[in-house]
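The block underneath contains the structure these notes are about, expressed in structure tokens.
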Amino acid sequence: MKQDETPTLETVYPVSCSVLDDSARGRIRAALGADPSIDGFPDLLKAHIGRYGLPEFLPELARLERAFDHSATGRRQIPPAADKLTVNPTVTLIPVSWSHLSRLIQPAGDTPPLRPQPGSCVVMIWKDPQSGRTHIADGHAEDLLALKLVAEQIDIASAARLENIAPGLLMQAIHHGISKGLLLSPPSKIRRDFTSKPPPLCETPDDYLTAGVFTLQWHITQACDLHCRHCYDRSDRPPVPLNQGIAILDDFFDFCVQHHVRGQVTFTGGNPLLYPDFAHIYQAADERGFAIGILGNPSPKHRLESLLAIRRPVFFQVSLEGLEPHNDWIRGEGHFQRTLEFLNVLRDLDIYSMVMLTLTRDNIDQVLPLAEILTGRTNSFTFNRLSMVGEGANLMLPDKETYQQFLQAYTAEAETNPMLHLKDNLINIVRYQNGQSPMGGCTGFGCGAAFNFLTLLPDGEVHACRKFPSYLGNIFQQSLSDIYDSDSADRYRRGSDACRNCRLRRVCRGCLATAHSFGLDIFTDRDPHCFLNKVTADGYPNTLDNSS
């Protein structure tokens with residue numbers, strides 16, 4: 011019923027009235043008399059149960075319809091923004107003695123309404139914070155748990171310890187409550203704060219300003235079964251003891267709660283599966299509700315099956331560095347074929363697979379031929395530019411003109427091959443040139459260094475980016491929140507001053523690791539591969555820079 015519409019039995023109780031035949035409806039209407047509020051309809055039905063063939067659930071159904079109408083036509087306002095996690099003020103909880111009544115009032119999509127069944131139930135009625143539409147549903151245990159946790163301001167970690175359950179289950183209940191609109195959450199604190207605001211490249215600039223997921227890329231061990239020619243860190247760092255690893259996950263859990271984001275842990279190394287207690291730390295991450303990714307090497311099938319018994323990873327990424335001769339020169343003899351076989355294992359186990367290539371001067375012409383081989387074998391293939399640190403300093407990056415031509419060919423091929431994923435920030439220059447909308451760049455937000463991810467090394471060092479030395483602090487000495495909120499982390503988030511007025515800034519900011527590789531000042535110089543001319547003062551780029 012609309013807000014200004016005069017209420018009638020049929021507009022307030024359409025489902026209940028449809029249950030009554032004409033004779034029963036006439037008798038009930040006569041019993042109501044001239045009561046303009048028609049609020050007495052549920053009680054009247056209850057008084058007439060056993061007469062006119064009325065079903066026993068009808069009074070409670072009518073009571074729910076009245077509450078639903080009150081919510082739909084009421085003027086209770088939902089605040090435009092919550093300053094803390096709170097219950098949606100329009101939520102009404104109504105205990106009933108029949109289940110599935112709510113499905114009679116508001117069927118779930120194309121699913122036929124379920125016949126009401128005797129049994130205690132709590133029905134939830136609320137307005138959606140986004141659309142304003144009124145919803146009604148039987149409250150499941152997870153919904154009621156989330157409402158209780160938030161209404162009573164119960165600390166998640168403390169409740170989990172007290173009840174001896176995984177804190178991730180409690181957070182899952184809360185996230186589901188937020189997604190349904192039962193709970194109101196403050197906006198993510200992982201948000202870009204641009205001091206200068208160049209003209210936006212697209213009509214939805216906020217897509218590239220606020221992150222809802224934060225990734226901790228955890229190099230959990232330096233142990234590795236390979237010795238790649240471009241490895242950027244072969245330093246001797248002891249693996250974190252399991253008990254300290256659990257404490258790190260608890261600290262990350264607190265970070266996500268404080269910053270109103272969902273967490274992802276991406277385990278890497280070395281080869282993370284060589285960490286002695288990997289199954290235990292993997293399970294601990296799952297228990298805290300984190301999404302889990304793995305950057306590793308081909309591994310035995312039974313190791314993957316043991317992880318699947320805990321939780322399916324969101325992805326497993328392996329690396330190939332070009333066609334077989336070049337790849338095996340970089341990663342070791344036989345690696346190419348082992349990786350292709352491992353991709354088959356990942357496919358058979360229904361694990362999302364990703365293949366990453368480290369782009370150099372020597373393999374740039376092998377990327378697209380390799381993509382042809384990988385088509386149908388993996389879910390995703392993309393590349394990162396070489397970071398010329400560690401042993402990677404012995405290899406070379408392509409020159410700017412060659413790289414520009416490659417990006418143009420790669421993006422053209424990606425138009426017809428969805429397996430080719432767009433990652434490098436500078437691809438946005440090609441898309442700008444072609445009149446296309448931007449993509450999110452390296453992390454979905456351009457350079458995500460110290461923004462929507464941090465890198466954690468085995469000895470507790472935290473870096474802004476895993477590809478070059480960018481030390482921010484040590485997690486054994488500071489909390490992750492203190493490290494993230496530090497001035498040094500903020501400096502990495504802001505990137506190079508050379509990009510300050512570029513209108514592609516929100517989705518690019520170049521690559522700090524590449525600038526570092528060329529010995530440049532990452533905070534003042536721009537990415538040496540950037541082929542966009544210097545921008546004008548109003549933030550509009552001029553022509554493409556074709557000089558090398």
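Numbering (the working numbering), first residue to last: 11 to 558. Beta carbons are placed, not taken as given, at the ideal position from N, Cα and C, and that holds for glycine.
- DSSP assignment within the region 188 to 268 yields the following whole beta strand (DSSP E) runs of 3 residues or more, N-terminal first: 223 to 229.
- A Cβ-Cβ contact shorter than 8 angstroms links L305 with T276.
- In the pairwise beta carbon analysis, the region 442 to 455 is classified as not touching the region 465 to 480: fewer than three pairs are separated by under 8 angstroms.
- The C-beta distance from G187 to D153 rounds to 6 angstroms, short enough to fall under 8 angstroms.
- Where D148 is concerned, the enclosing beta strand (DSSP E) starts and stops at T144 to D148.
- Taking all protein chains shown into account, P323 has 16 or more neighbouring C-beta atoms within 10 Å of its C-beta and is therefore buried.
- Excluding residues up to 5 positions away in sequence, nothing lies with its Cβ nearer than 6 angstroms to the Cβ of D246 in the same chain.
- The beta carbons of D296 and R313 sit no closer together than 8 angstroms.
- Less than 8 angstroms separates the beta-carbon of R272 from that of H185.
- Burial state of H145 is buried, judged by a 10 Å Cβ sphere holding 16 or more other Cβ atoms.
- Residue environment analysis places G129 among the exposed positions, since fewer than 16 neighbouring C-beta atoms fall within 10 angstroms of its C-beta.
- Residue state for S309 is assigned as coil, using DSSP reduced to three classes.
- As the crow flies, the alpha-carbon of H229 is around 4 angstroms from that of G279.
- Taking a cut-off of 8 angstroms for Cβ pairs, the region 73 to 93 and the region 165 to 176 do not touch, as fewer than three such pairs fall below it.
- In this chain, the alpha helix (DSSP H) harbouring V25 covers P24 to V29.
- Per DSSP, Q443 is one residue of the alpha helix (DSSP H) stretching across I437 to Q443.
- DSSP, reduced to helix, strand and coil, places N337 within a helical segment of the structure shown.
- Taking the Cα positions, D507 is about 47 angstroms away from R86.
- Fewer than three Cβ pairs drawn from the region 504 to 519 and the region 477 to 493 lie within less than 8 angstroms of each other, which leaves the two stretches out of contact.
- Taking all protein chains shown into account, G142 has fewer than 16 neighbouring C-beta atoms within 10 Å of its C-beta and is therefore exposed.
- Per the C-alpha coordinates, the member of D264, T388, I164 and L124 positioned closest to R113 is L124.
- Taking all protein chains in view, the Cβ of Y23 is crowded by 16 or more other Cβ atoms within 10 Å, so the residue is classified as buried.
- Judged by DSSP in its simplified three-state form, K433 adopts coil rather than helix or strand.
- Residue state for C457 is assigned as coil, using DSSP reduced to three classes.
- In the three-state reduction of the DSSP assignment, Q347 falls in the helix class, which pools H, G and I.
- In the structure shown, I166 falls within a helical segment according to DSSP collapsed to helix, strand and coil.
- Take the alpha-carbon of G451 and the one of R513: they are about 14 angstroms apart.
- Non-local C-beta neighbours of I383 in its own chain, meaning closer than 6 angstroms and more than five positions away in sequence, are absent.
- Judged by pairs of C-beta atoms under 8 angstroms, the region 30 to 43 touches the region 56 to 64, as three or more such pairs exist.
- In terms of Cα proximity to G386, the closest of F346, T524 and M429 is M429.
- Q274 and V106 have their C-alpha atoms spaced approximately 39 angstroms apart.
- DSSP places F288 inside the alpha helix (DSSP H), whose first and last residues are F288 to E297.
- With a cutoff of 8 angstroms on beta-carbon distance, F224 and N462 are scored as near each other.
- Excluding sequence positions up to five before and after E471, its CB lies within less than 7 angstroms of the CB of Y481 and N484, all in the same chain and listed in chain order.
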